[in-house]
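Asker: Residue numbers (our numbering): 686 to 946.
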């Protein structure tokens with residue numbers, strides 16, 4: 686759509702990277718404010734946590750990207766290191782153990798921190814998907830609906846150009862926004878610590894499974910050819926695990942009194 690935001694001489698500012706940066710700034714701000722209020726998190730701890738998550742997410746996103754289509758990236762290794770090539774689930778699955786290690790190391794309450802990070806993840810991910818739209822990656826399949834978009838810039842990663850496609854990037858960004866609003870609503874009414882994180886996992890897995898049917902970048906590969914993509918397979922696993930997590934944590938963790946409005 687508009688992969689290059691602007692240029693300053695020889696410096697090129699890409700839309701995807703810029704929007705990720707916006708999401709990170711918003712995420713750090715939310716983490717710092719809520720973390721300090723709820724668990725006494727310091728600003729330095731918030732920054733250090735985000736730095737570790739960034740590194741873990743970068744590595745995880747690229748590792749999963751490679752394994753979605755190993756032959757493609759062996760033949761074209763440069764494609765693996767483009768700024769917009771990531772697999773969210775890879776980033777997420779590498780980031781979670783990193784977060785848990787950080788919480789334990791700094792003696793932070795794990796379940797409360799996970800609830801905060803559920804909203805933070807929504808913030809960063811939502812801006813990231815808007816960045817995907819600007820870069821043209823994670824594009825949808827050809828569409829005949831009025832609800833479609835046409836990519837014309839040859840610098841975009843969308844294929845084919847000049848053809849109406851489902852705007853799956855914006856569809857997912859909108860869905861994530863709805864999930865975040867719901868989590869913020871439930872935050873004032875949650876019944877146990879860890880509830881927001883468990884609900885985030887459940888809702889995102891469901892939404893991602895459905896949205897995958899509108900995706901057109903089939904280079905990502907399938908577990909069952911033409912029916913179940915890698916991301917859908919992971920979503921099914923996470924959905925099942927997160928249902929168990931929600932049930933288990935609701936029994937294990939302290940039940941909280943509902944806050945007065």
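Ideal Cβ placement from N, Cα and C applies to all residues, glycine included.
(1) Relative to the C-alpha of residue 886, which candidate in 863, 926, 873 and 870 has its C-alpha closest?
(2) Measure how close the beta-carbons of residue 779 and residue 742 come, nearest whole angstrom, since I'm counting them as under 8 Å.
(3) Round the Cβ separation of residue 811 and residue 843 to the nearest angstrom and send it over; I've been treating them as touching at under 8 Å.
(4) In the DSSP assignment, the alpha helix (DSSP H) including residue 918 goes from what residue to what residue?
(5) Could you check which residue in 854, 922 and 808 has the C-alpha nearest to that of residue 868?
(6) Verify whether the separation of the beta carbon atoms of residue 893 and residue 853 is less than 8 Å.
(7) State the Cα-Cα distance for the pair residue 789 and residue 720, rounded to the nearest angstrom.
(8) Quick one: any contact between the region 797-808 and the region 704-724, if contact means 3 or more CB pairs under 8 Å?
(9) Kindly list the residues whose CB is nearer than 8 Å to the CB of residue 891, restricted to its own chain and excluding five residues on each side of it in sequence; keep chain order.
(10) Jot down the residue ranges of each uninterrupted alpha helix (DSSP H) in the region 832-874, minimum 4 residues, whole runs only, in chain order.
Answerer: Based on what the coordinates show:
(1) Numbered from its first residue, the chain shown carries residue 886 at position 201. Looking at the Cα atoms, 926 is the closest of the given residues.
(2) Position 94 of the chain shown, counting from 1, holds the residue named residue 779. Position 57 of the chain shown, counting from 1, holds the residue named residue 742. At roughly 6 Å, the Cβ-Cβ gap stays under 8 Å, so residue 779 and residue 742 are in contact.
(3) Translated into the one-based positions of the chain shown, residue 811 becomes position 126. Translated into the one-based positions of the chain shown, residue 843 becomes position 158. By a beta-carbon distance limit of 8 Å, residue 811 does not contact residue 843. Their separation comes to about 20 Å.
(4) Stepping through the chain shown from its first residue, residue 918 is reached at position 233. 915-937 is the span of the alpha helix (DSSP H), which, as asked, contains residue 918.
(5) To locate residue 868, count along the chain shown from 1; it is residue 183. For residue 868, the nearest C-alpha among the options comes from 808.
(6) For the purposes of this step, residue 893 is identified with residue 208 of the chain shown, where counting begins at 1. For the purposes of this step, residue 853 is identified with residue 168 of the chain shown, where counting begins at 1. For the 8 Å CB-CB criterion, residue 893 and residue 853 do not form a contact.
(7) Stepping through the chain shown from its first residue, residue 789 is reached at position 104. Stepping through the chain shown from its first residue, residue 720 is reached at position 35. In this structure, the CA atom of residue 789 is about 15 Å from the CA atom of residue 720.
(8) The region 797-808 vs the region 704-724: in contact.
(9) The sequence position of residue 891 within the chain shown is 206, counting from 1. These residues qualify, in order along the chain: 920 and 924.
(10) With a minimum length of 4 residues, the continuous alpha helix (DSSP H) runs that stay inside the region 832-874 are 853-872.
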